[in-house]
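Each residue of the sequence shown is one higher than the one before, counting from 2 in the working numbering.
Here the structure is laid out as C-alpha coordinates; the discussion comes afterwards.
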Amino acid sequence: MYDKTKFSMLNIDDFFCSNQYNTFKEDFSYADVQGIGKGGYQILFFYILDRVEALSIQDIMDDAFLIDKANQILSYLGFDFKIGHPFELTDEFNHNYRFKDRFMGDQIRYYYDFEGMLIVLGITWEGILESFEMVTNETIINNRLEFFTT
2 MYDKTKFSML NIDDFFCSNQ YNTFKEDFSY ADVQGIGKGG YQILFFYILD RVEALSIQDI
62 MDDAFLIDKA NQILSYLGFD FKIGHPFELT DEFNHNYRFK DRFMGDQIRY YYDFEGMLIV
122 LGITWEGILE SFEMVTNETI INNRLEFFTT
(Lines of atoms letter the chains of each structure in order from A; the text may use other names.)
(Lines give C-alpha, C1' and ligand atoms only; values in the text may rest on other atoms or scores of the structure.)
Protein backbone atom coordinates (compact mmCIF):
# COMPACT_ATOMS: atom_id res chain seq x y z
CA MET A 2 0.00 0.00 0.00
CA TYR A 3 1.02 3.59 -0.42
CA ASP A 4 3.41 5.35 1.90
CA LYS A 5 2.07 8.75 2.97
CA THR A 6 5.54 9.98 3.94
CA LYS A 7 6.79 9.35 0.39
CA PHE A 8 4.28 11.86 -0.95
CA SER A 9 5.76 14.63 1.18
CA MET A 10 9.19 13.81 -0.29
CA LEU A 11 7.90 13.65 -3.87
CA ASN A 12 10.04 15.69 -6.24
CA ILE A 13 9.51 16.04 -9.97
CA ASP A 14 13.29 16.10 -10.51
CA ASP A 15 13.46 12.47 -9.38
CA PHE A 16 11.41 11.47 -12.44
CA PHE A 17 12.05 14.08 -15.13
CA CYS A 18 15.08 16.06 -16.30
CA SER A 19 14.55 19.80 -15.94
CA ASN A 20 14.32 20.17 -19.74
CA GLN A 21 11.41 17.69 -19.84
CA TYR A 22 8.91 19.83 -17.93
CA ASN A 23 7.72 23.40 -17.51
CA THR A 24 7.57 25.44 -14.32
CA PHE A 25 4.47 27.59 -13.87
CA LYS A 26 5.09 30.19 -11.19
CA GLU A 27 3.10 33.33 -11.77
CA ASP A 28 -0.66 33.28 -11.36
CA PHE A 29 -0.79 29.48 -11.15
CA SER A 30 -3.51 27.97 -9.03
CA TYR A 31 -4.73 24.46 -8.36
CA ALA A 32 -8.36 24.30 -7.24
CA ASP A 33 -8.21 28.04 -6.49
CA VAL A 34 -5.04 27.77 -4.36
CA GLN A 35 -1.97 29.73 -5.48
CA GLY A 36 1.34 27.93 -5.83
CA ILE A 37 3.86 26.63 -8.32
CA GLY A 38 3.07 24.01 -10.92
CA LYS A 39 5.79 21.84 -12.38
CA GLY A 40 5.27 19.44 -15.23
CA GLY A 41 2.66 19.84 -17.89
CA TYR A 42 -1.02 19.32 -18.34
CA GLN A 43 -0.72 15.53 -18.24
CA ILE A 44 1.53 15.08 -15.19
CA LEU A 45 1.50 18.00 -12.79
CA PHE A 46 3.22 18.42 -9.44
CA PHE A 47 1.73 21.33 -7.47
CA TYR A 48 3.95 22.95 -4.84
CA ILE A 49 3.39 25.47 -2.07
CA LEU A 50 6.58 26.71 -0.42
CA ASP A 51 8.70 23.94 -2.01
CA ARG A 52 6.43 21.19 -0.70
CA VAL A 53 4.29 19.11 -3.02
CA GLU A 54 0.60 19.47 -2.17
CA ALA A 55 -1.01 17.79 -5.19
CA LEU A 56 -0.16 15.40 -7.99
CA SER A 57 -2.33 15.08 -11.07
CA ILE A 58 -1.93 12.49 -13.83
CA GLN A 59 -4.40 12.60 -16.72
CA ASP A 60 -4.72 12.30 -20.50
CA ILE A 61 -1.55 10.24 -20.93
CA MET A 62 -2.94 7.10 -22.56
CA ASP A 63 -1.51 7.98 -25.99
CA ASP A 64 2.04 8.60 -24.75
CA ALA A 65 4.15 5.59 -23.71
CA PHE A 66 6.83 7.84 -22.16
CA LEU A 67 4.29 9.57 -19.88
CA ILE A 68 2.61 6.27 -18.97
CA ASP A 69 6.01 4.91 -17.93
CA LYS A 70 6.80 8.03 -15.88
CA ALA A 71 3.36 7.98 -14.25
CA ASN A 72 3.78 4.36 -13.27
CA GLN A 73 7.25 5.07 -11.85
CA ILE A 74 5.67 7.77 -9.68
CA LEU A 75 2.85 5.46 -8.54
CA SER A 76 5.36 2.73 -7.73
CA TYR A 77 7.51 5.19 -5.76
CA LEU A 78 4.43 6.15 -3.74
CA GLY A 79 3.80 2.48 -2.97
CA PHE A 80 0.73 1.82 -5.10
CA ASP A 81 0.25 -1.59 -6.71
CA PHE A 82 -1.93 -0.34 -9.56
CA LYS A 83 -0.70 1.13 -12.84
CA ILE A 84 -2.01 3.58 -15.38
CA GLY A 85 -3.18 1.77 -18.52
CA HIS A 86 -3.78 -1.52 -16.70
CA PRO A 87 -6.96 -3.13 -15.39
CA PHE A 88 -7.82 -1.77 -11.96
CA GLU A 89 -8.58 -4.37 -9.32
CA LEU A 90 -10.49 -3.54 -6.16
CA THR A 91 -8.47 -3.74 -2.95
CA ASP A 92 -9.29 -3.32 0.72
CA GLU A 93 -8.37 0.37 0.49
CA PHE A 94 -9.86 1.07 -2.93
CA ASN A 95 -13.16 -0.74 -3.16
CA HIS A 96 -16.66 0.62 -2.91
CA ASN A 97 -15.83 2.88 0.05
CA TYR A 98 -15.33 5.99 -2.11
CA ARG A 99 -16.92 9.21 -0.88
CA PHE A 100 -18.08 10.49 -4.24
CA LYS A 101 -17.97 9.63 -7.90
CA ASP A 102 -18.57 11.54 -11.11
CA ARG A 103 -18.38 11.04 -14.83
CA PHE A 104 -15.83 13.54 -16.04
CA MET A 105 -14.59 12.58 -19.46
CA GLY A 106 -15.93 10.18 -22.06
CA ASP A 107 -16.18 6.72 -20.61
CA GLN A 108 -14.20 7.50 -17.44
CA ILE A 109 -15.69 7.56 -13.96
CA ARG A 110 -13.70 9.27 -11.22
CA TYR A 111 -13.84 7.81 -7.71
CA TYR A 112 -12.96 10.09 -4.78
CA TYR A 113 -11.36 8.43 -1.76
CA ASP A 114 -10.52 10.12 1.55
CA PHE A 115 -7.57 8.60 3.40
CA GLU A 116 -6.32 10.19 6.60
CA GLY A 117 -6.61 13.76 5.34
CA MET A 118 -5.57 12.84 1.82
CA LEU A 119 -7.76 12.93 -1.27
CA ILE A 120 -7.11 10.30 -3.92
CA VAL A 121 -9.08 10.37 -7.16
CA LEU A 122 -8.97 7.40 -9.52
CA GLY A 123 -10.26 7.69 -13.08
CA ILE A 124 -11.38 4.29 -14.35
CA THR A 125 -12.96 3.46 -17.71
CA TRP A 126 -16.07 1.37 -18.19
CA GLU A 127 -13.70 -1.42 -19.23
CA GLY A 128 -11.96 -1.19 -15.85
CA ILE A 129 -8.71 0.45 -17.02
CA LEU A 130 -7.06 3.01 -14.73
CA GLU A 131 -6.58 6.17 -16.81
CA SER A 132 -6.06 8.99 -14.34
CA PHE A 133 -4.83 9.60 -10.81
CA GLU A 134 -4.88 12.56 -8.47
CA MET A 135 -3.49 12.81 -4.95
CA VAL A 136 -3.92 15.89 -2.76
CA THR A 137 -2.77 16.59 0.80
CA ASN A 138 -3.59 20.30 1.07
CA GLU A 139 -6.81 20.71 3.08
CA THR A 140 -7.98 23.80 1.19
CA ILE A 141 -7.51 22.09 -2.18
CA ILE A 142 -9.34 19.01 -0.91
CA ASN A 143 -12.26 21.13 0.29
CA ASN A 144 -12.34 23.04 -3.01
CA ARG A 145 -12.27 19.79 -5.03
CA LEU A 146 -15.11 18.27 -2.98
CA GLU A 147 -17.20 21.45 -2.69
CA PHE A 148 -19.17 20.49 -5.81
CA PHE A 149 -20.42 17.32 -4.11
CA THR A 150 -21.31 18.88 -0.77
CA THR A 151 -23.41 21.79 -2.07
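Yeah, the Cβ is synthetic: ideal placement off N, Cα and C, and Gly gets one too.
Keep in mind it's a predicted model, so treat the numbers as computed, not measured.
Residue state for I142 is assigned as helix, using DSSP reduced to three classes. Counting along the chain, the unbroken alpha helix (DSSP H) around I74 starts and ends at A65 to L78. A residue is called buried once 16 or more other Cβ atoms fall within 10 Å of its Cβ, and T91, having fewer, is exposed. Approximately 5 Å separates the beta-carbon atoms of Y3 and L78; this is inside 8 Å, confirming the contact.
Under the three-state reduction of DSSP, E127 is assigned to coil, being neither helix nor strand.
The C-alpha of A71 lies about 20 Å from the C-alpha of E127. Membership of T24 in any alpha helix (DSSP H) is not indicated; the residue belongs instead to the beta strand (DSSP E) covering N23 to F25. Under DSSP, D114 takes part in a beta bridge, and its partners are L119. Taking A65 as reference, the option from I49, H86, R52 and L50 with the minimal CA-CA separation is H86. Contact between I124 and I109 holds: CB atoms are separated by about 6 Å, below the 8 Å threshold.
For K39, the enclosing beta strand (DSSP E) begins and ends at I37 to G40.
The Cβ-Cβ distance between N144 and D28 does not fall below 8 Å.
In this model, N12 and V53 are separated by some 7 Å (Cα to Cα).
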